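Numbering (numbering that gives the first Met the number 0), first residue to last: 0 to 189. Just so it is clear, CB atoms sit at the ideal spot from N, CA and C, and this is done for glycine as well. Source: prediction; values computed, not measured.
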Amino acid sequence: MRKILFTILCFFCLLSMTQAKEKVDVYLFYGDGCPHCKAEKELFSKMKDSDIEIHELEVWENEENQKFLENVIETMDLSVSGVPVTIIGSSYITGYMEEYEYTIKRMIDTCKKENCKDYVSLIKKGETDVPKAEKVGVSMDDRVQYSIQYSFFDWNDKYLIGALIIAFLYFLFICFKIFRKRRKKQLTNH
């Protein structure tokens, strides 16, 4: 009897662990012809995931999407000066650089863990009582991850140069310590 109960309990635990999570809605407001927007769209095309639903809304040519973005900016109190604008839950990021990849992934992961609400869809439905959005910046962890991934190919990367200088200075320090130990040993032997 205990074995049967244990098996049933394990089955329900596994079932609850494998249930589909809610999708994280990612909104990308972009402009056709914008090179930063194009780069971010390429990032999202690589990030296709069953837990992510990407809503791409072109705002330069599509007047309806432009008005919708203006409504979102006003309702969520965003500080936006251009495109791309990426909104995930109550967080947003403007512009795009390659190191934003890790920032966006961090935003998505945070939203998965916290079960973020889709405030943009609420605004689309006419809801005006949504929280003020938080602008997310690139963290030092994001910069380090970016540097680790891309620095070996980009010798203009200041983080790589800094790491190489620190490694070289550490190497000199170790060599100096070894030299001092040997010199001290030679002096004590004479």
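A direct Cα-to-Cα measurement between residue 133 and residue 33 gives close to 24 Å. Per DSSP, the continuous beta strand (DSSP E) segment holding residue 56 begins and ends at 51–57. Its Cα nearest to that of residue 72, the residue 90 stands out among 60, 61, 183 and 90. Residue 102 sits close to residue 137, with the two beta carbons spaced by under 8 Å. Across the structure, residue 128 and residue 31 are spaced so that their CA atoms are roughly 31 Å apart.
The continuous beta strand (DSSP E) containing residue 90 extends over residues 90–93.
A check of alpha carbon separations from residue 49 across 131, 25, 83 and 185 identifies 25 as the nearest.
For the set 94, 135 and 188, the Cα lying nearest the Cα of residue 105 is the one of 135.
Residue 39 and residue 161 have their alpha carbons spaced roughly 28 Å apart.
With at least 16 other beta carbons inside 10 angstroms of its own, residue 99 counts as buried. Assignment of residue 24 by DSSP, reduced to helix, strand and coil, places it in the strand class.
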